[in-house]
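Reading the sequence shown from the start, the letters are residues 1059 to 1244 in our numbering. Heads up, the beta-carbon is just placed ideally off N, CA and C, and yes, glycines get one too. Inspection log for the structure reproduced underneath, given as structure tokens.
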Amino acid sequence: MKRLSVILSLVMLCLVADVRSDDQQQGFSGTWVQDVKNSDPVPRMTGGGFGGPGMGGPGGGRMAKPPQASTQSVLTIRHENREVQMTNVISTNGVAGPAIVENFILDGEERLELVKGMNSDTTNKQTTSAKLKKNKVEIHIKTESTRFTTEMKKEYSLSKDGRRLTLKITTYGFMPTEQKLVYLRQ
């Protein structure tokens, strides 16, 4: 009888340890390196109008599209309770750019803040919301300037084994794009 209870206790410990390790693997926290081979290239503005010979538009000869730059991203995520911080460093042709740090509260509430416009002294309204659904973080960002409005949706999906992170970025408005980036846990 003692032997049976010892065996059952060991089996229960193994099951609890297995469940606990699955929970730990599901976390978003960690350092993620972009899997360039399985990621989409950097989206570029699509051409339009003024086609024809030369570098003008699509179909404009061999030089119509400049070569694509080689980019790679290292993403560091710190996820605690309902807050997440994402630090992204993008290297282009081997040269690391500045760290881009984003902080979100994963409660689905909209937050409004004023942000400085790119390459200008104007101030834009930015509305952000973020939420966590099982193994996905969804972020919506809407930026309104005096000239145009853009919207971006970012969806971070974690694989079941916790080793692969897929980011789908969709932008709407001035320059609509879609991009899928795949990251591997380091």
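Q. Which residues in the same chain as GLU1167 place their Cβ atom closer than 8 Å to its Cβ, once the five residues preceding and following it in sequence are excluded?
A. SER1187
Q: Find out if the Cβ-Cβ distance for the pair LYS1211, THR1185 is shorter than 7 Å.
A: no
Q. Residues in its own chain within less than 7 Å of GLU1202 by CB, not counting five upstream and five downstream?
A. ASN1182 and LYS1183
Q: Determine contact between the region 1190 to 1198 and the region 1207 to 1227, defined as no fewer than three beta-carbon pairs at a distance below 8 Å.
A: yes
Q. Can you tell me whether VAL1091 is buried or exposed, with buried defined as 16 or more other CB within 10 angstroms of its CB?
A. exposed
Q: Measure the beta-carbon distance from GLY1155 to VAL1147 and round it to whole angstroms, keeping in mind my assumption that it falls under 8 Å.
A: 7 Å
Q.
On a Cα-Cα basis, can you pick out the residue from PHE1232, VAL1094 and HIS1137 that is closest to GLY1088?
A. HIS1137
Q) So which of GLY1085, LYS1095 and PRO1099 has the shortest CA-CA distance to THR1235? A) PRO1099
Q) So is ILE1135 buried or exposed if we call it buried at 16+ other beta carbons inside 10 Å? A) buried
Q | Assumed close pair GLN1244, PRO1101 - CB separation to whole angstroms, cut-off 8 Å | A | Actually they do not touch by this definition, with Cβ atoms about 25 Å apart.
Q) LEU1133: buried (16+ other C-beta within 10 angstroms of its C-beta) or exposed? A) buried
Q | Proximity to ILE1163 [Cα-Cα], best of THR1180, LEU1190, ASP1179 and GLY1175 | A | LEU1190
Q) Is the distance from the Cβ of GLU1209 to the Cβ of GLY1175 below 7 Å? A) no
Q: Output yes or no for whether 7 Å exceeds the beta carbon distance between LEU1242 and ASP1093.
A: yes
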